[in-house]
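Chemist:
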Amino acid sequence: MDSYEKRIFDLGLKGYCCSQILVQLGLDALNRENEDLINAVSGLCMGIFSGKQCGVLTGGACLLALFDKSEAAKTMIPRLAEWFDMTYTPQYGGTCCSDIVANDPMKKFERCPVIIKQTFEMCRELLEESGYDI
7 MDSYEKRIFD LGLKGYCCSQ ILVQLGLDAL NRENEDLINA VSGLCMGIFS
57 GKQCGVLTGG ACLLALFDKS EAAKTMIPRL AEWFDMTYTP QYGGTCCSDI
107 VANDPMKKFE RCPVIIKQTF EMCRELLEES GYDI
């Protein structure tokens, strides 16, 4: 288990959902704390609590905007969304939380940590291409 996997696991044990974990990883990279922000993005959990768009994708968009809202809106978020769709739609039939976990708690524990880590790696790549060292 690498350091990011451990951090993802630890945050999950703390009760953080997918979107909160991604934003916290961004805050960690910036050496910042912001409990209000973490609480706010909890509204994205479990596909905005309705099985809709995966909170990993929306949390990743928030992470990117945390670094550079202008560049995130112009290029990074659209690229993240395209990558997310191309990566997970073939596997799960869509990118909604309900597609990915199919209302099965075991699938949530199997799939979500992997998707969080892969999405964080993609966010890091996009940020590095934009000149950020994360």
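Numbered according to our numbering, the sequence shown spans residues 7 to 140.
Note that beta-carbon positions come from the ideal geometry of N, C-alpha and C, so glycine has one too.
Among the candidates L72, K114, G57, whose CA atom is the shortest distance from the CA of L43?
Modeler: Nearest of L72, K114, G57 to L43, Cα basis: L72.
Chemist: Count Cβ pairs between the region 52-66 and the region 14-29 that sit closer than 8 Å; are there 3 or more?
Modeler: yes
Chemist: Quick one: Cα of S56 to Cα of D105, how far?
Modeler: Spanning the two alpha carbons is a distance of roughly 12 Å.
Chemist: At a cut of 8 Å, does the region 90-102 reach the region 38-52 through at least three beta carbon pairs?
Modeler: no
Chemist: In angstroms with no decimal places, state the Cα-to-Cα distance between P84 and F115.
Modeler: 27 Å
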